[in-house]
Amino acid sequence: SDGSKSTYAVERCSKAMLLGRAAIARARGAMVRHCGTSLRVPKAPPGEVFHAQMMLPKYSLTNEKWFFLFFMCNFGAYSGHYFYLHFLMPANPPNPPRDPEQVRPEKHMHAVDDD
Numbered sequence: 024s025d026g027s028k029s030t031y032a033v034e035r036c037s038k039a040m041l042l043g044r045a046a047i048a049r050a051r052g053a054m055v056r057h058c059g060t061s062l063r064v065p066k067a068p069p070g071e072v073f074h075a076q077m078m079l080p081k082y083s084l085t086n087e088k089w090f091f092l093f094f095m096c097n098f099g100a101y102s103g104h105y106f107y108l109h110f111l112m113p114a115n116p117p118n119p120p121r122d123p124e125q126v127r128p129e130k131h132m133h134a135v136d137d138d
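Here it is as structure tokens:
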């Protein structure tokens, strides 16, 4: 009697696993068909029409190629920026030392006039 109980439990468990896999497959299929719009999605005309899942995009990059391009563009932008700052942009000369003999103004030239 112990063997029949364990066989029954295995059968129930395997059925549950199959039903779970079927539910996952249905959910994946629904996710693929979802367009992500609130507008009406037109139906394809009858006949031999290729749907969008069969047509590959004209320009498609794998993740590796896309991220390589993305990081290389960032590296180029930053290195070009620092190259310009250090080698091409002219540096301002330092301020000349102050002359101690020069008479200082009594009032700052940008001060507000209070009459």
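For the sequence shown, the numbering used here begins at 24 and goes up steadily by one.
Yeah, the Cβ is synthetic: ideal placement off N, Cα and C, and Gly gets one too.
Status (buried if at least 16 other CB within 10 Å, exposed otherwise) for residue i
| i | result |
| --- | --- |
| R121 | exposed |
| S24 | In this predicted model, S24 has a pLDDT of only 47, less than 50, meaning its place in the structure is not dependable; the value taken from the coordinates is given anyway. When all chains shown are included, S24 counts as exposed. |
| G43 | exposed |
Length at least 4, wholly inside the stretch 76-128: the alpha helix (DSSP H) runs in chain order:
Qualifying alpha helix (DSSP H) stretches, in chain order: 86-106.
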